[in-house]
Structures are given as C-alpha cells and as structure tokens.
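See structure below.
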Amino acid sequence: MQAAIDRIMQTYDLLANQTAAASAEARAKVTDYVRTLFEAGEKDENRLAVCGLTYLRQLDGSSDPVKAGYTGL
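By the count of the numbering used here, the sequence shown reaches residue 74 at its end, each step adding exactly one.
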C-alpha cells in the first residue's frame, strides 16, 4: 500500500505545481482513500495507484472539463 501511495504522490507532484504544505495535505487525503480501498479488498498496487491519482485529480478539479477550458463549442 505504501508503494502505491509513494507512486501516486510522485506522479501527482509532476502534474500539479504545488507547495510543500499542499503536497502534504494531498498525501494525507490520498493515504486515507487508498487505505479505505485496501481494507475493502483491493490489493493490486497498480490499480490502487490509478484510483488514488484519479481521486486527487478530482479533488483539485483538474479532471473537470469546464475548468480545463472545454466550452462544448
């Protein structure tokens, strides 16, 4: 589980330009989320990493098409 969290944060830090405090806050949130998935039975490190990264991107709004500039035109 810890390897998946480290992989998530390494990738997320490359995608998001953020302060050390914001990175620590993101790590705490994703740790809780990944722990929930792990306790629910998900043991695949790759799947945990993808789910955790998706979770962080949803939290910061980077997966929102409107915020990304998509207008639908």
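The C-beta atom is built at its ideal place from N, Cα and C for all residues, glycine as well.
On a predicted model such as this, the values are computed, not experimentally measured, just so you know.
Neighbour-count burial assignment, residue i, 16 or more Cβ in a 10 Å radius
i          : result
alanine 41 : exposed
alanine 5  : buried
alanine 50 : buried
8 Å Cβ cutoff met for residue i and residue j
i          : j            : result
leucine 38 : isoleucine 9 : no
alanine 29 : aspartate 61 : no
valine 31  : leucine 15   : no
alanine 27 : tyrosine 13  : yes
Residue interval of the alpha helix (DSSP H) (run including residue i)
i             : result
methionine 10 : 3 to 16
lysine 30     : 21 to 40
Cβ-Cβ separation, residue j to residue i (assumed contact under 8 Å), whole Å
i           : j            : result
arginine 48 : methionine 2 : Rounded, the Cβ-Cβ distance is 12 Å, inconsistent with contact.
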